[in-house]
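J.: Quick note on numbering: the sequence shown equals residues 562 to 700 in my numbering.
Note that the Cβ used here is the ideal one computed from N, Cα and C, for glycine as well.
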Amino acid sequence: GAEGDPTVAIVSPADGDMVSGAVTVVVAAGNAQSVDLTIDGAAAGTDDEAPYQFMWDATQPGDHTLVATAHGTTQDATAMATVTVASGSGGGGGGGSNSDNPGPGDLPGCSLDAGKGGLGFAPLAMAAVAVLRRRRQRV
Numbered sequence: 562g563a564e565g566d567p568t569v570a571i572v573s574p575a576d577g578d579m580v581s582g583a584v585t586v587v588v589a590a591g592n593a594q595s596v597d598l599t600i601d602g603a604a605a606g607t608d609d610e611a612p613y614q615f616m617w618d619a620t621q622p623g624d625h626t627l628v629a630t631a632h633g634t635t636q637d638a639t640a641m642a643t644v645t646v647a648s649g650s651g652g653g654g655g656g657g658s659n660s661d662n663p664g665p666g667d668l669p670g671c672s673l674d675a676g677k678g679g680l681g682f683a684p685l686a687m688a689a690v691a692v693l694r695r696r697r698q699r700v
């Protein structure tokens, strides 16, 4: 019946937010068996247990479209939510020197390893939260 249809909303980041570095995408869903997240059309993960959270490394500059799809108890029952956010350069030093050829080969090796250990990830997430808080207070 219609009362069992899923509902979904992207709680964070909000539509129009500026994001950078490690971002936790938080999705709220009701009557959902699972939630899928796509970023710019590419699958970013599936979560079948609330709270629905997805880690995203938002280092690619520009606008990004996040689409959360909640799947209900029947095959054809789905709900979708979309937000568009903008990502800066990621806050690393020396951003100007790489602007001509921003390929993965230009990144220092240490930045690729930082996210693999649990400890390397926390400061990035905290820095992103601090930046977002600062921006919101200024408005």
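Out of A570, G582, H625 and Y613, state which residue places its alpha-carbon closest to the alpha-carbon of A603.
T.: In the sequence shown, the residue the question calls residue 603 occupies position 42. Comparing Cα-Cα distances from A603 to each of A570, G582, H625 and Y613, the minimum goes to H625.
J.: Can you find at least 3 beta carbon pairs, one from the segment 611–620 and one from the segment 586–595, that sit closer than 8 Å?
T.: Enough Cβ pairs lie closer than 8 Å, so yes.
J.: Ignore the nearest five residues each way along the sequence and tell me which others in S595's own chain have a CB closer than 6 Å to its CB.
T.: In the sequence shown, counting from the first residue as 1, residue 595 sits at position 34. Same-chain partners within the cutoff: T607, D609 and H632.
J.: Mind checking whether D576 and T630 have CB atoms under 9 Å apart?
T.: Locating residue 576 in the sequence shown gives position 15, counting from the first residue. Locating residue 630 in the sequence shown gives position 69, counting from the first residue. No; because the gap between Cβ atoms is not below 9 Å, this pair is not in contact.
J.: Nearest by alpha-carbon distance to A647: which of D601, T639, A593 and T568 is it?
T.: If you number the sequence shown from 1, residue 647 lands on position 86. When only C-alpha atoms are compared, the closest one is D601.
J.: Could you check what DSSP says for G591 in three-state terms: helix, strand or coil?
T.: Along the sequence shown, read from residue 1 onward, the residue named residue 591 stands at position 30. Of the three classes helix, strand and coil, the one that applies to G591 here is strand, per DSSP.
J.: State the beta-bridge partners of Q614 as determined by DSSP.
T.: Residue 614 sits at position 53 when you count from the first residue of the sequence shown. DSSP, once it has assigned bridges, lists V587 as partnering Q614.
J.: A638 to A619, Cα distance in whole Å?
T.: Here the question's residue 638 lines up with position 77 in the sequence shown. Here the question's residue 619 lines up with position 58 in the sequence shown. So the alpha carbons of these two residues sit roughly 30 Å apart.
J.: Within 10 angstroms of its Cβ, does G565 collect 16 or more other Cβ (buried), or is it exposed?
T.: Stepping through the sequence shown from its first residue, residue 565 is reached at position 4. By the neighbour-count criterion, in which a residue is buried when 16 or more other Cβ atoms sit within 10 angstroms of its Cβ, G565 is exposed.
J.: Would G582 be called buried (16 or more neighbouring beta carbons within 10 Å of its own) or exposed?
T.: As a working mapping, residue 582 is identified with position 21 in the sequence shown. Buried, since its Cβ has 16 or more Cβ neighbours within 10 Å.
J.: For V572 and A642, what's the separation of their Cα atoms in angstroms?
T.: Residue mapping note: residue 572 aligns to position 11 of the sequence shown, counting from 1. Residue mapping note: residue 642 aligns to position 81 of the sequence shown, counting from 1. Computed Cα separation, rounded: 10 Å.
J.: Run through DSSP, which three-state label would G582 get?
T.: Here residue 582 is taken as the residue at index 21 of the sequence shown, counted from 1. If DSSP states are grouped into helix, strand and coil, G582 belongs with the strands.
J.: Please report the residue range of the beta strand (DSSP E) in which D608 lies.
T.: Translated into positions along the sequence shown, residue 608 becomes position 47. From DSSP, the beta strand (DSSP E) with D608 extends over A603 to D608.
J.: Any idea which residues DSSP pairs V628 with across the strands?
T.: Counting from 1 along the sequence shown, the entry for residue 628 is found at position 67. Its beta-bridge partners are T599 and T643.
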